[in-house]
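Residue 106 in the numbering used here sits at position 126 of the sequence shown; the count goes up by one each step and never skips.
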Amino acid sequence: MAGRKTSGYDEATPRSTFSAQMVPVFHVDKLSSAHIYLRMQPGQAWDNLPEELVMDLAQLTKANSIEGNKKDNITVIYTPWANLKKDGSMDVGQVKRVLVPQRENPIVNRLNKTKVEKKPDLKAEKDNMMKELRKREQAAQQIKKKEEQRQAQEWKEKKWQKDHAYDELFTDENMAASSNQDRSADWEDDFM
């Protein structure tokens, strides 16, 4: 399938490809339009995207809508891919809106100049992404396991110190020195 990739967005990419990711989808509200999918960088949140990127994607979405391209003051909605199925359980804030007052040709032209038509191997891309995610999870688990081992060793040492804290106190030499058994007969004279 031919995809359109510009500035990190994909147009007309199958939705199932991104089902494992939190991929935001842009479309014109209440009008027929192409859906624009944004592949986010690791750690990037859909609800905290840079304003310039959101405006670029909103302009591109407007330009790709037959009806929306002809109208001014349209609203472009973006939401995570998982929210495309609309039902009453969606919370407030799961959909963001961007008002596009009018088409800005410089933005659309800049994006169209960087357009790349390609047929990506979506399965390979997904496999690579999943492999990378597994590798990160394994690394995180190893770090966690090492930290748990270090903590267990620290607790073991503290327990040993606690259990053996009085070992030196009760040696024969210390017991004899503090004993009243072997005192001299004139011990009371030293008392005063």
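Glycine is no exception: its CB is placed at the ideal position from the N, C-alpha and C atoms.
What is the residue span of the alpha helix (DSSP H) that Leu11 lies within?
-> Numbered from its first residue, the sequence shown carries residue 11 at position 31. No alpha helix (DSSP H) contains Leu11, which DSSP labels as neither H nor E.
Through-space distance from Gln121 to Gln129, alpha-carbon basis = Translated into the one-based positions of the sequence shown, residue 129 becomes position 149. Translated into the one-based positions of the sequence shown, residue 121 becomes position 141. Cα-Cα distance, rounded: 12 Å.
Are the stretch 111 to 118 and the stretch 85 to 93 touching by the rule of at least three beta carbon pairs closer than 8 Å?
-> no
Pull up the distance between the alpha-carbon of Lys126 and that of Lys142, whole angstroms please.
-> Taking the first residue of the sequence shown as position 1, residue 126 is located at position 146. Taking the first residue of the sequence shown as position 1, residue 142 is located at position 162. If I take the Cα positions, the gap works out to 24 Å.
For Thr59, the first and last residue of its enclosing beta strand (DSSP E) = Taking the sequence shown and counting its residues from 1, one reaches residue 59 at position 79. Element bounds for Thr59: 54 to 60.
Please name the residue or residues paired with Arg77 in a DSSP beta bridge.
-> Locating residue 77 in the sequence shown gives position 97, where the first residue counts as 1. Looking at the DSSP assignment, Arg77 forms a beta bridge with Ile57.
For the alpha helix (DSSP H) that Leu18 lies in, which residues bound it at each end?
-> Taking the sequence shown and counting its residues from 1, the one referred to as residue 18 is at position 38. Element bounds for Leu18: not the alpha helix (DSSP H) but the beta strand (DSSP E), 16 to 18.
How close, in whole Å, do the beta carbons of His7 and Ile57 come, if the pair is a contact with beta carbons under 8 Å?
-> For the purposes of this step, residue 7 is taken as residue 27 along the sequence shown, with counting starting at 1. For the purposes of this step, residue 57 is taken as residue 77 along the sequence shown, with counting starting at 1. That pair is a contact at about 6 Å.
How close, in whole Å, do the beta carbons of Asn63 and Ser13 come, if the pair is a contact with beta carbons under 8 Å?
-> As a position in the sequence shown, residue 63 is number 83, starting the count at 1. As a position in the sequence shown, residue 13 is number 33, starting the count at 1. Their Cβ separation, rounded to whole angstroms, is 17 Å, which puts Asn63 and Ser13 out of contact at 8 Å.
With Val78 and Val34 assumed to form a contact (beta carbons below 8 Å), what rounded beta-carbon distance in angstroms separates them?
-> On the sequence shown, residue 78 is found 98 positions in, with the first residue counted as 1. On the sequence shown, residue 34 is found 54 positions in, with the first residue counted as 1. Confirmed, Cβ separation roughly 6 Å.
Determine the burial state of Val80: buried for a count of at least 16 other Cβ atoms within 10 Å of its Cβ, exposed for fewer.
-> Residue 80 sits at position 100 when you count from the first residue of the sequence shown. Buried, because 16 or more other Cβ atoms sit within 10 Å of the Cβ of Val80.
What is the C-beta distance between Leu11 and Gly48, in whole angstroms, given that I count them as a contact (C-beta under 8 Å)?
-> For the purposes of this step, residue 11 is taken as residue 31 along the sequence shown, with counting starting at 1. For the purposes of this step, residue 48 is taken as residue 68 along the sequence shown, with counting starting at 1. Taking 8 Å as the upper bound for CB-CB distance, Leu11 and Gly48 are in contact here, some 5 Å apart.
Taking just the CA atoms, how far does Gln74 sit from Thr94?
-> The residue given as residue 94 occupies position 114 in the sequence shown. The residue given as residue 74 occupies position 94 in the sequence shown. Rounded to whole angstroms, Thr94 to Gln74 spans 30 Å at the Cα level.
Same chain, Cβ closer than 6 Å to Lys136, five either side skipped, listed in chain order | Here residue 136 refers to the residue found at position 156 when the sequence shown is read from its first residue. The answer is none, since no qualifying residue turns up.
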